Structures are given as structure tokens and as C-alpha cells.
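Written out below as C-alpha cells is the structure these notes cover.
In the numbering used here, the protein residues as written are 143 to 327.
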């Protein structure tokens, strides 16, 4: 196989792998009922004037399936952490006991589960769009090659489509697992 075509295929494959990684990262933020430290992964805290991820200024734990505790490394950060959790708009109501912040994770209602499933589906669709964009870019690059026969170009486009199909199936499987996790009471 032509080196240029191989490079194009590798580039498309890498873009599709990144789309899957991004999807998985986004789906971690969609909670499925059980408390987990990753639920606060998007929380940023004002740490002496700079926005810092929560996990860099505090210890985040889940003592049980319904509670998240945030233990700051500096007590003076309690107010900022509380504010950061509220600003992140995750639907949590943090309680400050002077030592740490406690968040009770409410059980999900059926309506909320459906909303989260829709959100997960939207993330999956975004990932599919990224994969298809990578396919389109790869096919455009293949068409631009001058020193390659039409047969090789055609075969390369078939290879790109096979890679695309594989990643679309993978995205569907990831979404189905997440949907099952969300809808399980």
C-alpha cells in the first residue's frame, strides 16, 4: 500500500480514536445514580486567582453510594469549593460542615433518567459526527493524491469506510451500555 494512503488511514483512525476517548470522557460526567468522585470532575475552583480543577485542591471521596465528601487540603478553600460546585450547575446542594463539604446525591427520578439518556445519546451523536468528519477528511485527502491509481484510491476509500463502520458500532455499544447504566434503578 502507498505510504500516503497509509498515512491518511492512520490519521483518520487516530481522529476516530480521539472521538471515542472524548465520548467516554463526556459520558463519565453523566451520572447514573450512584455517587462517584468523577461527578465533580468538571468542577473548577478559584485557587488564589486561577481556575483549578477541584481534585487539585481537595480530596474527593464516596463513603457510600449516595454521598460525596470533599476534604480540602486548606480549610480556607471551603467557601471557594462550595461556590465552584454551585457554579458547575450539576444539580447538587453542597453542605459545608466547617471541616469538609458533603454532597448527598439524590436518587434519580424516571424523568431525570430519561433526560440523562437523551444527553448520553446526544454525546454519542456528536462522536459519530466526529468520526464521519474524519472519514470525509480522509476521503478528500485520498482524492487529492495524484501519483496513485484509481484502483488504489477506491480500495483506500473502502478501507476508510470499514474503519468508520467499526467506530460507529463501537460508539453504539458504548452508548447502549451507558443507557442501560442510566436506566437501571
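From the three backbone atoms N, C-alpha and C, an ideal C-beta is built for every residue, glycine too.
Just so we're clear, the structure is a prediction, and the values are computed from it rather than from any experiment.
Going by the beta-carbon positions, is the gap between residue 242 and residue 213 smaller than 8 Å? As a working note, residue 242 is residue 100 in the chain shown. As a working note, residue 213 is residue 71 in the chain shown. The answer is yes: Cβ separation under 8 Å.
Since residue 357 and residue 200 are thought to touch, with beta carbons under 8 Å apart, how far apart are those beta carbons, to the nearest angstrom? The chain is shown from 143 up to 327; residue 357 falls before or after that span and cannot be answered.
Just reading off the alpha helix (DSSP H) that residue 200 is part of, what are its end residues? By one-based count along the chain shown, residue 200 stands at place 58. Here residue 200 belongs to no alpha helix (DSSP H); instead the beta strand (DSSP E) covers 200-206.
Residue 209 classed as buried or exposed, judged by whether at least 16 other C-beta atoms fall within 10 angstroms: Residue numbering aside, residue 209 sits at position 67 when the chain shown is read from its first letter. It is exposed - the Cβ of residue 209 has fewer than 16 other Cβ atoms within 10 Å.
Going by C-alpha to C-alpha distance, which of 196, 324, 204, 289 sits closest to residue 358? Past the edges of the chain, shown from 143 to 327, lies residue 358, and the structure says nothing about it.
Would you tell me roughly how many angstroms separate the C-alpha atoms of residue 153 and residue 280, rounded to the nearest one? As a first step, residue 153 is located in the chain shown; it is residue number 11 there, counting from the start. As a first step, residue 280 is located in the chain shown; it is residue number 138 there, counting from the start. Near 8 Å, if we compare the C-alpha coordinates of residue 280 and residue 153.
With DSSP run on the structure shown, which of helix, strand or coil describes residue 146? Along the chain shown, read from residue 1 onward, the residue named residue 146 stands at position 4. Note: residue 146 maps to helix in three-state DSSP.
Decide yes or no for the touch test of the segment 226-241 against the segment 291-311: beta carbon pairs closer than 8 Å, at least 3 of them. Contact between the segment 226-241 and the segment 291-311 is absent, because fewer than three Cβ pairs lie under 8 Å.
Residue 320 burial status per 10 Å Cβ neighbour count (16 or more: buried): Translated into positions along the chain shown, residue 320 becomes position 178. By the neighbour-count rule (16 or more Cβ atoms within 10 Å), residue 320 is buried.
Under 8 Å between C-beta atoms of residue 172 and residue 250: As a first step, residue 172 must be located in the chain shown, where it is residue number 30. As a first step, residue 250 must be located in the chain shown, where it is residue number 108. Cβ atoms of residue 172 and residue 250: not closer than 8 Å.
So is residue 192 buried or exposed if we call it buried at 16+ other beta carbons inside 10 Å? The residue you call residue 192 lines up with position 50 of the chain shown. Exposed: under 16 other Cβ atoms inside 10 Å.
When the distance is taken between beta carbons, is residue 309 closer than 8 Å to residue 150? Within the chain shown, residue 150 is the residue found at index 8, counting from 1. Within the chain shown, residue 309 is the residue found at index 167, counting from 1. Taking 8 Å as the Cβ cut-off, residue 150 and residue 309 do not qualify as a contacting pair.
What does the alpha-carbon distance come out to for the pair residue 289 and residue 318? On the chain shown, position 147 is the one that residue 289 refers to. On the chain shown, position 176 is the one that residue 318 refers to. Linking residue 289 to residue 318 through their CA atoms gives a straight-line distance of about 43 Å.
Own chain partners of residue 178 with C-beta closer than 7 Å, once the 5 adjacent residues on each side are dropped: Against the chain shown, residue 178 aligns to sequence position 36. Here the set comprises 204.
C-alpha distance - residue 266 paired with residue 146, whole-angstrom precision: Counting from 1 along the chain shown, the entry for residue 266 is found at position 124. Counting from 1 along the chain shown, the entry for residue 146 is found at position 4. Answer to the nearest angstrom: the Cα atoms are 31 Å apart.
Looking at the structure shown, is residue 289 part of a helix, part of a strand, or coil, going by DSSP? For the purposes of this step, residue 289 is taken as the residue at position 147 of the chain shown. For residue 289, the secondary structure class from DSSP, reduced to helix, strand or coil, is coil.
Hey, residue 165 and residue 264 are a contact pair by Cβ (cut 8 Å); roughly how many whole angstroms apart? By 1-based counting over the chain shown, the position of residue 165 is 23. By 1-based counting over the chain shown, the position of residue 264 is 122. Separation of the CB atoms of residue 165 and residue 264 is rounded to 11 Å, and the pair is thereby denied contact status at 8 Å.
List in chain order: all unbroken beta strand (DSSP E) runs of 3+ residues lying wholly within the segment 239-270. Fully enclosed beta strand (DSSP E) runs of 3 or longer: 243-246.
Short of 7 Å in beta carbon distance, which residues of its chain neighbour residue 155, apart from the five on each side in sequence? Order them along the chain. Start at 1 with the first residue of the chain shown, and residue 155 comes out as number 13. Closer than 7 Å at Cβ, skipping near neighbours: 305.
Can you list, in chain order, the stretches of the beta strand (DSSP E) that have 3 or more residues and sit fully within the segment 152-189? Complete beta strand (DSSP E) runs here, min 3: 186-189.
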